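Asker:
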Amino acid sequence: VISDARARTPRRMLRSVTRIARTLICTPVPTSARHHAHSRRVMGTPFSQFAFTFGRSRSTSPELPKRGASASRRARPAVKIEVEDDGMNTSAPSTPAAKRKASTKARANVPEAPNRGDGPDGWRETLATIKTFRAQGPSAAVDTMGCEKIAELQDGETKVTEKYKRYLCLTSAMLSSQTRDEINHAAMRRLIAHGCTPENILATDEDTLDVMLNPVGFHRRKSQYLRATAKILLDEYDGDIPPSVETLCALPGVGPKMAYLVMNVGWEKPTGICVDVHVHRITERLGWTSEHAVGKNGSPRKKTPEDTRASLESWLPKEEWIEINPLLVGFGQLTCTPLRPKCGECPLASTCPSAFKEATPAKKPKTEV
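Position 54 (the sequence shown) corresponds to 102 in this note's numbering; numbering is contiguous.
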């Protein structure tokens, strides 16, 4: 019917189907000479073998003789649509343990570090220059208020143990996202005065925690994360923190950057490099990492902190993994700032490939009219 020259609209196609059905069922032998030739083409074929379809796909019924060359030109090739099963289970996890397990697999799926190489040219001299400049210059906020210094804060009542220090480190890391060190340090002081232990945090209602965390970035959400994390630590780790990057990433509100920081500082194990916005920016400006990465399909894409981490770990010696974060963070807070970097004061201005490229041009003197 579809290949019939007269069937040019769905309505005409439907009328043709109806006419043929009536011919097959109600009229065993045509009495009109007008329909004699057409009836001979369809008589003798059971009606159940015809499958009338509208669209790109073709019927599997026996082919009828074509009525003209125009019908042959309009015939379309069959289109076969196949859907491959990727084997993935699309059902969402229902229990909290299943959700944490799924979150662990998703967050642990990060780029792997390639084979260790020699690194970019002159990186040892550049790193030594930054260390000397930081040691002789003023202190940055990270030097006195970073997550590495949180464990030195004491309330005078809580017994200081290694487990307690690790929990302080984890809590400070969870609050550090989208928050300056000064604000994070002040919030941690309030939490320590309140009693920063998993038991006390879980016993504190969400509104009270929210007041103590304000003005930390996303303080309402982080107060929920702290209570949920405290319950997990008490139920599954006897009040201690998880001992691996994968289990740390399974905690609510903890990402790879925080997990590596906690492993390096809390557990004192150089598991990986903690890459925050300062490390990500400075290593790119120094030419230690490329600006773009290669996607799965081979096309370039914007580099992520995880790409920076994998690139640095491929050539930076492991003994530098813990120190590199506070070193470059302080350098980024004081000199190599995100906006208007102080290239004129930087000891790397003569060798840095990005020197004076992002510096603010000098303002023109105002002329009086």
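Ideal Cβ placement from N, Cα and C applies to all residues, glycine included. All values reported here derive from a predicted model rather than from experimental measurement.
Can you grab the Cα-Cα spacing for the pair ALA251 / GLU230, in whole Å?
Answerer: Here residue 251 refers to the residue found at position 203 of the sequence shown. Here residue 230 refers to the residue found at position 182 of the sequence shown. Near 27 Å, if we compare the C-alpha coordinates of GLU230 and ALA251.
Asker: Which same chain residues end up closer than 8 Å to PRO94 when comparing Cβ atoms and leaving out the 5 residues on each side of it in sequence?
Answerer: Here residue 94 refers to the residue found at position 46 of the sequence shown. Annotation note: pLDDT 48 at PRO94 (below 50); position unreliable, no value reported.
Asker: If we call anything under 8 Å between Cβ atoms a contact, is ILE249 one with ARG214?
Answerer: Taking the first residue of the sequence shown as 1, we reach residue 249 at position 201. Taking the first residue of the sequence shown as 1, we reach residue 214 at position 166. No, they are not a contact pair.
Asker: For ILE321 versus ARG357, is the C-beta distance shorter than 8 Å?
Answerer: Here residue 321 refers to the residue found at position 273 of the sequence shown. Here residue 357 refers to the residue found at position 309 of the sequence shown. Result yes, Cβ atoms of ILE321 and ARG357 sit closer than 8 Å.
Asker: In the DSSP output, which residue or residues are listed as bridge partners for HIS340?
Answerer: Residue numbering aside, residue 340 sits at position 292 when the sequence shown is read from its first letter. DSSP output for HIS340 lists LYS350 as bridge partner(s).
Asker: Under 7 Å Cβ to Cβ from LEU334, same chain only, skipping five residues before and after it: list those, please.
Answerer: What you label residue 334 is simply residue 286 of the sequence shown in a count that begins at 1. Around LEU334: THR174 and CYS400.
Asker: Do you know how far the Cα of TRP336 is from the Cα of LEU218?
Answerer: On the sequence shown, residue 218 is found 170 positions in, with the first residue counted as 1. On the sequence shown, residue 336 is found 288 positions in, with the first residue counted as 1. When rounded, the distance between both Cα atoms is 29 Å.
Asker: Can you tell me whether ASP388 is helix, strand or coil according to DSSP?
Answerer: Along the sequence shown, one-based indexing puts residue 388 at 340. Looking at the sequence itself, residue 388 is Arg, so the reference to Asp does not match. Of the three classes helix, strand and coil, the one that applies to ARG388 here is coil, per DSSP.
Asker: Report buried or exposed for GLY346, applying the criterion of at least 16 other Cβ atoms within 10 angstroms of its Cβ.
Answerer: For the purposes of this step, residue 346 is taken as residue 298 along the sequence shown, with counting starting at 1. That one is exposed.
Asker: I think VAL264 touches THR227, with their Cβ atoms under 8 Å apart; what is that distance to the nearest whole Å?
Answerer: Within the sequence shown, the letter at position 216 stands for residue 264. Within the sequence shown, the letter at position 179 stands for residue 227. That pair is a contact at about 5 Å.
Asker: Could you check the C-alpha separation between LYS211 and SER398 for me, to the nearest Å?
Answerer: Within the sequence shown, residue 211 is the residue found at index 163, counting from 1. Within the sequence shown, residue 398 is the residue found at index 350, counting from 1. Their backbone Cα atoms lie some 46 Å apart in a straight line.
Asker: Could you tell me the boundaries of the alpha helix (DSSP H) in which ALA276 lies?
Answerer: Position 228 of the sequence shown, counted from the first residue, corresponds to residue 276. Element bounds for ALA276: 267-284.
Asker: According to DSSP, is SER220 helix, strand or coil?
Answerer: Start at 1 with the first residue of the sequence shown, and residue 220 comes out as number 172. In the three-state DSSP reduction, SER220 falls in the helix class (H, G or I).
Asker: In chain order, what residues of the same chain have a beta carbon less than 6 Å from the beta carbon of PRO353, not counting five sequence neighbours either side?
Answerer: By one-based count along the sequence shown, residue 353 stands at place 305. Within the same chain, PRO353 has close Cβ partners VAL323 and HIS328.
Asker: Taking just the CA atoms, how far does THR277 sit from CYS297?
Answerer: Numbered from its first residue, the sequence shown carries residue 297 at position 249. Numbered from its first residue, the sequence shown carries residue 277 at position 229. Distance between the alpha carbons of CYS297 and THR277: 11 Å.
Asker: Please identify the residue among GLU339, SER224 and LEU309 whose C-alpha is closest to the C-alpha of PHE266.
Answerer: Locating residue 266 in the sequence shown gives position 218, counting from the first residue. Out of GLU339, SER224 and LEU309, SER224 has the C-alpha closest to the C-alpha of PHE266.
Asker: Looking at GLN383: is its Cβ nearer than 8 Å to the Cβ of GLU393?
Answerer: Residue 383 sits at position 335 when you count from the first residue of the sequence shown. Residue 393 sits at position 345 when you count from the first residue of the sequence shown. Note on residue identity: the sequence assigns Thr, not Gln, to residue 383. Against a cut-off of 8 Å, the Cβ pair of GLU393 and THR383 comes out as a contact.
Asker: Excluding the five sequence neighbours on either side, which residues of its own chain have a C-beta within less than 6 Å of the C-beta of PRO246, listed in chain order?
Answerer: In the sequence shown, the residue the question calls residue 246 occupies position 198. Correct list, in chain order: ALA278, LEU281, LEU282 and GLY287.
Asker: Under 8 Å, with one C-beta from each stretch per pair, do the region 303-310 and the region 180-192 reach the 3-pair mark?
Answerer: no
Asker: Taking just the CA atoms, how far does GLU200 sit from MET236?
Answerer: Walking along the sequence shown from the start, residue 236 turns up at place 188. Walking along the sequence shown from the start, residue 200 turns up at place 152. Roughly 11 Å between the two C-alpha positions.
Asker: Of the residues VAL65, SER292, SER338 and SER402, which one's Cα is nearest the Cα of PRO318?
Answerer: The residue given as residue 318 occupies position 270 in the sequence shown. Per the Cα distances, SER292.
Asker: Nearest to SER271 by alpha carbon, out of GLY301, PRO290 and GLY243?
Answerer: Within the sequence shown, the letter at position 223 stands for residue 271. Nearest of GLY301, PRO290 and GLY243 to SER271, Cα basis: GLY301.
Asker: Would a C-beta distance cut-off of 8 Å place ASN312 and TRP363 closer than the cut-off?
Answerer: As a first step, residue 312 is located in the sequence shown; it is residue number 264 there, counting from the start. As a first step, residue 363 is located in the sequence shown; it is residue number 315 there, counting from the start. No, Cβ-Cβ distance for ASN312 and TRP363 is not below 8 Å.
Asker: Where VAL342 and LYS179 are concerned, what is the direct C-alpha to C-alpha distance, given to the nearest angstrom?
Answerer: Translated into positions along the sequence shown, residue 342 becomes position 294. Translated into positions along the sequence shown, residue 179 becomes position 131. Spanning the two alpha carbons is a distance of roughly 32 Å.
Asker: What residue from HIS326, VAL65, LEU216 and ASN232 has the CA that sits closest to ILE289's CA?
Answerer: Counting from 1 along the sequence shown, the entry for residue 289 is found at position 241. When only C-alpha atoms are compared, the closest one is LEU216.
Asker: What whole-angstrom Cβ distance do VAL377 and HIS326 have, given they're in contact under 8 Å?
Answerer: Position 329 of the sequence shown, counted from the start, is the residue given in the question as residue 377. Position 278 of the sequence shown, counted from the start, is the residue given in the question as residue 326. Contact holds; Cβ gap of about 5 Å.
Asker: ARG349 to VAL208, Cα distance in whole Å?
Answerer: If you number the sequence shown from 1, residue 349 lands on position 301. If you number the sequence shown from 1, residue 208 lands on position 160. Their backbone Cα atoms lie some 46 Å apart in a straight line.
Asker: Taking the alpha-carbon positions, what's the LEU257 to LYS197 distance?
Answerer: Counting from 1 along the sequence shown, the entry for residue 257 is found at position 209. Counting from 1 along the sequence shown, the entry for residue 197 is found at position 149. For LEU257 and LYS197, the gap between their C-alpha atoms comes out near 22 Å.
Asker: Using 8 Å as the threshold, is the C-beta distance between SER391 and PHE379 below it?
Answerer: In the sequence shown, counting from the first residue as 1, residue 391 sits at position 343. In the sequence shown, counting from the first residue as 1, residue 379 sits at position 331. Strictly speaking, residue 391 in this sequence is Cys, with Ser absent from that position. No; because the gap between Cβ atoms is not below 8 Å, this pair is not in contact.
Asker: Around the C-beta of ASN373, are 16 or more other C-beta atoms found within 10 angstroms, so that it is buried, or is it exposed?
Answerer: In the sequence shown, the residue the question calls residue 373 occupies position 325. Per the 10 Å Cβ criterion, buried.
Asker: Determine the DSSP secondary structure at CYS322, reduced to helix, strand or coil.
Answerer: Working through the sequence shown from its first residue, we reach residue 322 at position 274. In this structure, CYS322 counts as coil in the three-state DSSP scheme.
Asker: Less than 8 Å between C-beta atoms, sequence neighbours within five positions excluded: which residues of the same chain meet that for GLY314?
Answerer: Your numbering for residue 314 matches position 266 in the sequence shown. Contacts found: LYS213, ARG214, CYS217, LEU218 and ILE289.
Asker: With a Cβ-Cβ cutoff of 8 Å, do CYS375 and ARG182 count as a contact?
Answerer: Along the sequence shown, read from residue 1 onward, the residue named residue 375 stands at position 327. Along the sequence shown, read from residue 1 onward, the residue named residue 182 stands at position 134. Per the sequence shown, residue 375 should be read as Leu rather than Cys. Yes.
Asker: Count the other C-beta atoms from every protein chain shown that fall within 10 angstroms of the C-beta of ASN232, then say buried if there are 16 or more, exposed otherwise.
Answerer: In the sequence shown, residue 232 corresponds to position 184, counting from 1. Buried: at least 16 other Cβ atoms inside 10 Å.
Asker: Does DSSP put GLY303 in a helix, a strand or coil?
Answerer: Residue mapping note: residue 303 aligns to position 255 of the sequence shown, counting from 1. Coil at GLY303, not helix or strand.
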